[in-house]
Amino acid sequence: MATNKTFTMLKPDAVENGHVGNIIQMITDAGFKIKAMKYTRLSEDQAKKFYDVHAERPFYGELVEYMTSGPIFAAILEKENAVTDFRTLIGATDPSDAEEGTIRKAYAESKAKNAVHGSDSDENAQIEGEFHFSASEIF
Ligand code: IDP
Ligand code: MG
């Protein structure tokens, strides 16, 4: 069943490059409500666990190193069709393939440092949201 929620992280490059305010504006302009948000930094263990599905990929080590390199904003977002609509809003993984008007087209540095995460299914949105937030932090 579709849950109308998704999970995002504004990644270390977006924070470092000062794009957080503009990205949050794009997210809320697109009709997403912020249900939870925190400024935090992933430990190596957390990043490894979060990206465990990519453990066998050649870029896994680089990905974990990058995602722990600085603070991130983690958030739970709500909207009808949240997962699909948010993937559309962020654009393709590689910003050189991302459509005009997407967050990654506007703000991603590279395929690795691509500004923002978006859950790829309702099931993962729930798992990822619970990974970062307790019930009392979700509004
Ligand atoms: P997604 O974030 O668009 O869902 P995934 O394939 O799930 O893309 O990859 C997770 C993250 O791993 C990407 O957002 C990006 O930061 C990083 N990544 C993916 N492919 C590559 C690559 O070929 N080289 C380096 N980093 C990559
Ligand atoms: Mg993915």
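Position in the sequence shown (first residue = 1) + 110 = the numbering used here.
Note that the Cβ used here is the ideal one computed from N, Cα and C, for glycine as well.
In the DSSP assignment, find the beta strand (DSSP E) that holds residue i and state where it starts and stops.
i, result
"Lys115", "115-120"
"Ala245", "Counting along the chain, Ala245 falls outside any beta strand (DSSP E), and DSSP gives it neither H nor E."
"Thr150", "143-150"
Mark residue i as exposed unless 16 or more other C-beta atoms lie within 10 angstroms of its C-beta, in which case mark it buried.
i, result
"Phe160", "buried"
"Pro122", "buried"
"Val163", "exposed"
"Ala245", "exposed"
"Thr118", "buried"
"Thr212", "buried"
"Glu238", "buried"
Does the distance from the C-beta atom of residue i to that of residue j stay below 9 Å?
i, j, result
"Lys148", "Phe249", "no"
"Phe142", "Lys215", "no"
"Thr116", "Leu187", "yes"
"Asp232", "Val174", "no"
"Ala222", "Glu172", "yes"
What residue does the alpha helix (DSSP H) around residue i start on, and which one ends it?
i, result
"Ala235", "232-242"
"Tyr176", "170-177"
"Lys158", "154-160"
"Val226", "First-last for Val226: 226-228, but that is the beta strand (DSSP E), not the alpha helix (DSSP H)."
Tell me the rounded alpha-carbon separation between residue i and residue j.
i, j, result
"Ala140", "Asp230", "18 Å"
"Ser220", "Val125", "15 Å"
"Glu240", "Pro168", "27 Å"
"Asp204", "Gly180", "21 Å"
"Leu120", "Glu166", "24 Å"
"His227", "Asn127", "16 Å"
Do we get a CB-CB distance below 9 Å when we pair residue i with the residues of chain B?
i, result
"Thr118", "This model lacks chain B altogether; it includes just one protein chain."
Would you check if the region 150-160 and the region 190-202 touch, i.e. whether three or more CB-CB distances between them fall below 8 Å?
no
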